[in-house]
Amino acid sequence: MAVLTRTLIGALICAPIFTVQAAPVTYEIDATHTFVLLSRSNFGFSNPMIVANIDRGTLVFDHDDPSKSSVRVTLPVARINTFVPQLDTEFRSPMFFDIAKFPNITFESTRVKAIGNGKYTITGNLTAHGITRPVVLHARLNKAGENPMTKRQAIGFDATGTLKRSEFGLGFNIPNVSDEIALKLTMQGDATK
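Residue numbers (this note's numbering): 54 to 246.
Here you go:
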């Protein structure tokens with residue numbers, strides 16, 4: 054009887070450790086660990102990279118029912134870095150993004166679908182230059198668990214996708230600079246509670 058009692062007490066104490074969170078968890082984007090890398094063809098000679106920092110957003114993740122998950126992020130155009138100062142200035146001007154009128158790029162998911170092995174398809178609306186278009190991202194869950202630095206629950210994803218800049222009224226210098234832009238995203242968030 055004593056062995057059975059100790060076994061039951063041990064099981065009850067350890068049970069919370071092995072419990073998977075059943076409810077959706079909301080995470081705030083960690084801007085210091087969330088970036089977009091964009092690539093485009095430059096006259097066919099090279100594929101220069103552009104780095105952009107997503108400074109705010111939320112991610113709701115439901116491990117048991119990913120269709121209840123969502124993501125919403127904001128990327129200030131002023132944080133786009135081409136590593137070419139003249140090009141950065143052009144990007145901000147009325148000739149391109151026109152940040153006086155359209156200071157932010159936003160993405161809001163409309164559907165999240167699990168495809169297995171920690172991979173997801175995220176469909177959503179991307180708004181840039183005042184124009185909204187559907188975009189599909191192919192995401193992979195990197196890790197969910199306690200962040201050893203903050204001691205808070207955290208989550209991290211990587212995602213890839215493509216878009217055509219002409220669909221957002223940003224067709225300057227096509228075809229010399231490619232219309233199709235490849236994007237790679239890395240995102241980390243900390244649980245709000």
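In this text, a Cβ means the ideal position worked out from N, Cα and C, and glycines have one as well.
- Within the stretch 81-151, the complete beta strand (DSSP E) segments at least 3 residues long are 88-92, 102-106, 109-114 and 123-129, listed from N- to C-terminus.
- In this structure, the alpha-carbon of His182 lies about 25 Å from that of Asp83.
- Remark: C-beta atoms of Val230 and Arg93 approach each other more closely than 8 Å.
- When the Cα atoms are used, Thr87 and Pro228 turn out to be separated by approximately 30 Å.
- Take the alpha-carbon of Asn157 and the one of Leu128: they are about 6 Å apart.
- Fewer than three Cβ pairs drawn from the stretch 168-186 and the stretch 135-146 lie within less than 8 Å of each other, which leaves the two stretches out of contact.
- For the pair Ala212 and Ala192, the CB atoms are nearer than the 8 Å cut-off.
- Under the three-state reduction of DSSP output, Ser219 falls in the helix class.
- Look at Ile175 here: in three-state DSSP terms it is strand.
- The Cβ-Cβ distance between Glu220 and Arg186 falls below 8 Å.
- In terms of CA proximity to Gly214, Leu91 leads the group Val78, Leu91, Ala76 and Tyr80.
- By the neighbour-count criterion, in which 16 or more other beta carbons inside 10 Å mark a residue as buried, Ile107 falls on the buried side.
- In the DSSP assignment, the residues bridged to Lys166 are Thr174.
- Under the three-state reduction of DSSP output, Phe155 falls in the coil class, being neither helix nor strand.
- Judged by beta-carbon spacing, Thr79 lies within the 8 Å limit of Thr111, meaning their Cβ atoms are closer than that value.
- Of the candidates Asn195, Phe160 and Asp243, the residue whose Cα lies closest to the Cα of Leu216 is Phe160.
- For Leu238, the closest of Ser120, Pro119, Asn195 and Asp118 by C-alpha to C-alpha distance is Asn195.
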